[in-house]
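Asks: First the structure, then my questions, so here it is.
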């Protein structure tokens, strides 16, 4: 598939219009055809009971960023909806900021598959915290 001619506008609009994503604090940082990067500044509300970044926060960051990557490759009048995702939590996450990079592995007319990785910085070193595989349906824009 080819990049949507207004892919950057779609990505930025998709983040801006998603109320929950704004409540969490996730924002896009860069994008291109088939990929999107986003970040989240961590606050106390993002932590679970032991002080680690909550799995739900990481999953939300990965899922939304994956959807944004998928939308860069849809046609006019189309959007995407997640139909399935799996997240592997690789290590306890402790960082002041999370970063996510999502890349389309397969863009189809009906289904798109995206891989998303969530990273953080610990003592000056970038650490991979989780990895998600997200399957999205390509659907007509409502």
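Residue numbers (UniProt numbering): 1 to 142. Each residue gets a CB set at the ideal place from its N, CA and C atoms; glycine is no exception. On a predicted model such as this, the values are computed, not experimentally measured, just so you know.
(1) If we ignore side chains and look at the alpha-carbon of each, how far apart do residue 70 and residue 119 end up?
(2) By DSSP, does residue 49 sit in helix, in strand, or in coil?
(3) Strictly by DSSP, which residues pair up with residue 128?
(4) Quick check on residue 109: does DSSP put it in helix, strand or coil?
(5) Can you check whether the CB of residue 129 is closer than 8 Å to the CB of residue 93?
(6) Taking DSSP as the reference, what is the three-state secondary structure of residue 37?
(7) Thinking just about the alpha-carbon of each residue, which of 85, 25, 99 is nearest to the one in residue 43?
(8) Can you tell me whether residue 40 is buried or exposed, with buried defined as 16 or more other CB within 10 angstroms of its CB?
(9) Near residue 21, which residues of its chain fall below 8 Å by C-beta distance, leaving aside the five closest residues on each side in sequence?
Replies: If we stick to the structure as given:
(1) As a position in the chain shown, residue 70 is number 70, starting the count at 1. As a position in the chain shown, residue 119 is number 119, starting the count at 1. Computed Cα separation, rounded: 20 Å.
(2) Reading the chain shown from its first residue, position 49 is the one you call residue 49. Three-state DSSP puts residue 49 in coil, outside helix and strand.
(3) In the chain shown, the residue the question calls residue 128 occupies position 128. BP columns for residue 128 point to 119.
(4) Walking along the chain shown from the start, residue 109 turns up at place 109. It is coil, neither helix nor strand.
(5) Position 93 of the chain shown, counted from the first residue, corresponds to residue 93. Position 129 of the chain shown, counted from the first residue, corresponds to residue 129. Closer than 8 Å, so yes.
(6) The residue you call residue 37 lines up with position 37 of the chain shown. Correct three-state label for residue 37: strand.
(7) Your numbering for residue 43 matches position 43 in the chain shown. Ranking 85, 25, 99 by Cα distance to residue 43 puts 25 first.
(8) Indexing the chain shown from 1 puts residue 40 at position 40. Residue 40 should be labelled buried.
(9) Mapped onto the chain shown, residue 21 falls at position 21. Excluding residues within five positions, the ones whose Cβ falls inside 8 Å are 15, 60, 64.
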